[in-house]
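Line by line, the protein sequences give chains U and C. Note that my numbering gives residue 614 to position 347 of the first sequence, counting from 1, and the numbers run on in steps of one. Note that my numbering gives residue 163 to position 30 of the second sequence, counting from 1, and the numbers run on in steps of one. We put the CB at the ideal spot given by N, CA and C, even for glycine. Worksheet for the structure shown next.
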Amino acid sequence: MRFVQEFRDPALGRALAGEILASVEPGRTYKLMEVCGGHTHSIYRYGIDGMLPDEVELVHGPGCPVCVLPMGRVDDGIALAHEPNVIFTCFGDMMRVPGSNGSLLEAKAQGADVRMVYSPLDALAIARRNPDREVVFFAIGFETTAPSTALTLRRAKAEGIANFSCMSNHVTIVPPLRALLDSPGLEIDGFIGPGHVCTVVGARPFGFIPAEHGRPFVISGFEPLDVLQSIGMLLAQIAQGRCEVENQYARVVPWEGNARALEVMAEVFELRPHFEWRGLGFISQSALKLSDAYAELDAELRFGVPGVRVADPKACQCGEVLKGAIKPWECKVFGTACTPERPIGTCMVSPEGACAAYYTYGRYARERGISV
Amino acid sequence: MVVLSADAATGLAVCLDGERRRRTVETALLEDVRPGQTLLVHAGTALARDAA
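Right, dumping it as structure tokens:
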């Protein structure tokens, strides 16, 4: 695959790892947070953490949209799926996310018409083919997927497809980063920035991290050489006493982002006053709901949802994992009561979840007592 | 994904994903999408070109 294999070259990876080792200052440690779940997946899949010196520790951030969705929103979605005459559509990784009384997959087994889609456009196509049914799209994701939902809603409105609606669970990445940075005792020395989010929002929204919090931020691609180079760039900033936003992923990410995407998002969405994040609690202006101009396509208004707040299972420590406070394997139920086949927490469901990524790629090496 | 064909009028393109499956992709967020280009696609929408 073009533009992929070039960034997986083992020899170049070893060379970058050597540069990282050489830039480590004796006697100090570095804790770097990878914000995006896609990076977590790459780090475990390619054994990147095993290529780093002991002084460099990677911590997982809140950038997995499935993982941060609170249980109450899952319950709201399941309630919508059970509405008469509804075809409920969602991305595949939502299907097994546990609510307080089962998952969407279990709702489907009980008779609800729940369908997995690849994109919101697929959901709209289902609405066109089923004009006598109500088709609800359960939208999740950060600024990477919100433009797709927005474009689909714009199409639905333009075509007058009245039997289509959307339950928006879209979230934005900057507010939880602010919340993390404002939390006491945070020991993060730098951030591996979410490359795909930045294709939409650009680099500027992250300028507050070096400016107000004194931490470097490097926008990173997702292949192993991207991640290793980004780690090297963070260590170089620290060594040189610099603190700024840098763009390692310049082959894809324009500094200003994608103006068209921002425009359609601003047209279709508006910020919610507050939204609950799993593990992080309520964060102001951190999520998107449909704007007044698109209210007729808002499933929450069309059907009403219970909106009940549900506490996470006590055994589950997803919240601590999402804040980088513990590693996946330090959770009490990791790999025993909670596995990808029978997940208790969201971090074990999505491939981008830290627990699922570690369970899939990292645990074998750890069990064998060798570096990953 | 690699663009196989693009239709500016509809804002849609047919692309080949990493597993060589054909996908219809929304391209309204990019200008001048052409066959052969490599696109970064999320949830069926092209967000950027890969200019590597």
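Taking 4 residues as the minimum length, the alpha helix (DSSP H) runs contained wholly in the region 415-495 of chain U are 441-449, 462-468, 475-480, in order along the chain.
For Glu-567/U, the closest of Ala-289/U, Gly-328/U, Val-291/U, Arg-340/U by C-alpha to C-alpha distance is Arg-340/U.
Around Ala-379/U, the same chain offers Ala-348, His-349, Phe-355 as residues with beta carbons nearer than 7 Å, after the five sequence neighbours per side are excluded. In the three-state reduction of the DSSP assignment, Tyr-311/U falls in the helix class. A residue is called buried once 16 or more other Cβ atoms fall within 10 Å of its Cβ, and Val-588/U is buried on that count. Annotated three-state conformation of His-306/U is helix, per DSSP. Using a CB distance below 7 Å, the part of the region 160-182 of chain C facing chain U consists of Ala-161, Leu-162, Thr-171, Leu-173, His-175, Ala-176, Gly-177, Thr-178, Leu-180, Ala-181, ordered along the chain. The beta carbon of Tyr-626/U lies closer than 8 Å to those of Pro-595, Phe-601, Gly-602, Thr-606, Pro-607, Met-615 in the same chain, with the five residues before and after it left out. At least one CB atom of chain U sits nearer than 8 Å to the CB of Ala-184/C.
Contact between Val-512/U and Ala-417/U fails: their C-beta atoms lie close to 26 Å from each other, not under 8 Å. Rounded to the nearest whole angstrom, the CA to CA distance from Glu-301/U to Arg-312/U is 14 Å. Two segments are said to touch when three or more pairs of C-beta atoms, one from each, lie closer than 8 Å; by this definition the region 278-296 of chain U does not touch the region 435-449 of chain U. For Gly-460/U, no Cβ of chain C is located within less than 8 Å of the residue's own Cβ. Only His-463, Thr-466, Val-467 from the region 448-476 of chain U bring a Cβ to less than 7 Å from some Cβ of chain C. Per the DSSP secondary-structure output, Gly-524/U pairs with nothing in a beta bridge. Measuring C-alpha to C-alpha distances from Pro-477/U to each of Gly-457/U, Glu-490/U, Val-468/U identifies Gly-457/U as the nearest. With fewer than 16 other CB atoms across the displayed protein chains lying within 10 angstroms of its CB, Gly-474/U is exposed. Its Cα nearest to that of Gly-591/U, the residue Gly-546/U stands out among Gly-546/U, Lys-556/U, Phe-570/U.
Residues Thr-356, Pro-387, Ala-390, Cys-433 of the same chain have their beta carbon placed closer than 6 Å to that of Phe-404/U, with the five preceding and five following residues left out of the count.
Contact of Val-519/U with chain C by beta-carbon distance below 9 Å involves Leu-173, Leu-180, Ala-181, Arg-182, Asp-183, Ala-184, Ala-185. In the assembly as shown, Pro-351/U is an exposed residue. Its beta-carbon has fewer than 16 other beta-carbons within 10 Å.
Under the three-pair Cβ rule at 8 Å, the region 314-332 of chain U does not count as touching the region 552-568 of chain U.
The alpha-carbon separation between Trp-544/U and Asp-342/U amounts to approximately 15 Å. Contact annotation: the region 408-426 of chain U does not touch the region 366-382 of chain U, with fewer than three C-beta pairs closer than 8 Å. A distance of 8 Å or more separates the beta carbons of Ala-526/U and Phe-542/U. Thr-613/U has its alpha-carbon roughly 24 Å from the corresponding atom of Gly-488/U. One Cα belongs to Ala-181/C, the other to Pro-461/U, and the distance between them is close to 14 Å. Annotation: Met-383/U is outside any alpha helix (DSSP H); the continuous beta strand (DSSP E) that includes it extends over 380-383. Listed in chain order, the non-local C-beta contacts of Arg-569/U below 7 Å within the same chain comprise Ser-432, local neighbours out to five positions each way being set aside. Residues of chain C whose Cβ lies closer than 9 Å to the Cβ of Arg-527/U are, in chain order, Ala-161, Leu-162, Leu-163, Glu-164. Among the CB atoms of chain C, none fall inside 8 Å of the CB of Gly-330/U.
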